[in-house]
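Per the numbering used here, the very first residue in the sequence shown carries number 564; after that it's consecutive.
Positions of the beta carbon are idealized from the N, C-alpha and C atoms, including for glycine.
Here the structure is a predicted model, which is why all the values come from computation and not from measurement.
Here is the structure we will look at, set down as structure tokens.
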Amino acid sequence: MPFRALHLSPQILQAVRDSGYTEPTPIQIAAIPLILAGHDGIGIAQTGTGKTAAYVLPILMKLAESRQTVARHGDLTANRRDQKHNAHRLRALVLAPTRELVVQIEENVRAYAKHLPLRVATVFGGVSERPQIEALRSGVDMVVATPGRLIDLMEQRAANLSGVEFVVLDEADRML
564 MPFRALHLSP
574 QILQAVRDSG
584 YTEPTPIQIA
594 AIPLILAGHD
604 GIGIAQTGTG
614 KTAAYVLPIL
624 MKLAESRQTV
634 ARHGDLTANR
644 RDQKHNAHRL
654 RALVLAPTRE
664 LVVQIEENVR
674 AYAKHLPLRV
684 ATVFGGVSER
694 PQIEALRSGV
704 DMVVATPGRL
714 IDLMEQRAAN
724 LSGVEFVVLD
734 EADRML
């Protein structure tokens, strides 16, 4: 089965090709249609089977689709200043237990989203908060974060999760 059979956008299909993938893995075949249909899911698979793409690709697709709708029709409930500020609002959150995994996931997200008008930011400890806060304030569509630093930023009111539509717990067993 080729990736195009999963009904992903041309931009995402190009990014998948650019990444060197030709056929989806079993976890991707199972998860992508489920997420595109708006369902929740739990995925378990061995390392190296494409779990990250299994959730990132459909989330990027949904984010890009809704951005195109707003770009065409506008948000009728917001004034122009609010529309510009909300052009990139946090709608997808991926939590991971370590900063190394956060960075790895973010690299994948950027590769898959490179042909889309979406912004992604990382939030993790061990580095200055200021660039992370500035990224959040400038507007992002997706954040990949460790729980501890995200909680810190929420307590400072620097992270607003009220618009989040998609939540992923990557390696959730390690965050218990």
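* Taking the CB atoms as reference points, tell me whether I575 and L623 lie closer together than 9 Å. => Working through the sequence shown from its first residue, we reach residue 575 at position 12. Working through the sequence shown from its first residue, we reach residue 623 at position 60. At the C-beta level, I575 and L623 come within 9 Å of one another.
* Asked: Hey, does G689 have any beta-carbon neighbour from chain B nearer than 9 Å?
  -> Considering every chain present, this structure includes no chain B. It has just one protein chain.
* Would you give the residue range spanned by the alpha helix (DSSP H) that V657 belongs to? => In the sequence shown, residue 657 corresponds to position 94, counting from 1. In this chain, V657 is not harboured by any alpha helix (DSSP H); it is covered by the beta strand (DSSP E) spanning A655 to L658.
* Skipping 5 residues on each side, what residues in its chain have a beta carbon closer than 7 Å to that of G583? -> Mapped onto the sequence shown, residue 583 falls at position 20. Taken in chain order, the list of residues that qualify is empty.
* To do: For A578, name the three-state secondary structure that DSSP assigns.
  => As a working mapping, residue 578 is identified with position 15 in the sequence shown. Here A578 sits in helix by DSSP.
* On the DSSP bridge assignment, give the partners of V707 in chain order. => As a first step, residue 707 must be located in the sequence shown, where it is residue number 144. Paired residues: V657 and T685.
* Asked: Among residues of its own chain, excluding the 5 on either side of T640, which ones have a beta-carbon nearer than 7 Å to its beta-carbon?
  -> Translated into the one-based positions of the sequence shown, residue 640 becomes position 77. Because the pLDDT at T640 is just 49, under 50, the model does not fix this residue reliably, and the point stays unresolved.
* Would you grab the beta carbon distance between R712 and G688 for me? Rounded to a whole angstrom, and I think it's under 8 Å. => In the sequence shown, residue 712 corresponds to position 149, counting from 1. In the sequence shown, residue 688 corresponds to position 125, counting from 1. That pair is a contact at about 4 Å.
* Check whether the region 709 to 724 touches the region 684 to 698, taking contact to mean three or more Cβ pairs, one atom from each stretch, closer than 8 Å. => As far as the Cβ criterion goes, the region 709 to 724 touches the region 684 to 698, which means the pair count is three or higher.
* **Distance, L656 Cα to A684 Cα** => On the sequence shown, position 121 is the one that residue 684 refers to. On the sequence shown, position 93 is the one that residue 656 refers to. Their Cα atoms are separated by approximately 10 Å.
* With DSSP as the reference, please indicate the residues paired to L732 in a beta bridge. => One-based indexing of the sequence shown puts residue 732 at position 169. Bridge partners of L732 according to DSSP: L658.
* Alpha-carbon to alpha-carbon, D581 and I716 -> Sequence index remark: in the sequence shown, residue 716 carries index 153 (1-based). Sequence index remark: in the sequence shown, residue 581 carries index 18 (1-based). According to the sequence as given, residue 716 is Leu; it is not Ile. The straight-line gap separating the alpha-carbon atoms of L716 and D581 is approximately 35 Å.
* So is I668 buried or exposed if we call it buried at 16+ other beta carbons inside 10 Å? -> Here residue 668 refers to the residue found at position 105 of the sequence shown. Residue environment: I668 is assigned as buried (16 or more neighbouring CB atoms within 10 Å of its CB, all protein chains considered).
* Asked: Would you report the Cα separation of Q609 and E728, rounded to the nearest angstrom?
  -> What you label residue 609 is simply residue 46 of the sequence shown in a count that begins at 1. What you label residue 728 is simply residue 165 of the sequence shown in a count that begins at 1. Roughly 27 Å between the two C-alpha positions.
* Quick one: grab the DSSP three-state call for D715. => Here residue 715 is taken as the residue at index 152 of the sequence shown, counted from 1. DSSP places D715 in helix when its eight states are reduced to three.
* Answer yes or no: do I598 and P621 have a C-beta to C-beta separation smaller than 9 Å? => Numbered from 1 along the sequence shown, position 35 holds the residue referred to as residue 598. Numbered from 1 along the sequence shown, position 58 holds the residue referred to as residue 621. Taking 9 Å as the Cβ cut-off, I598 and P621 qualify as a contacting pair.
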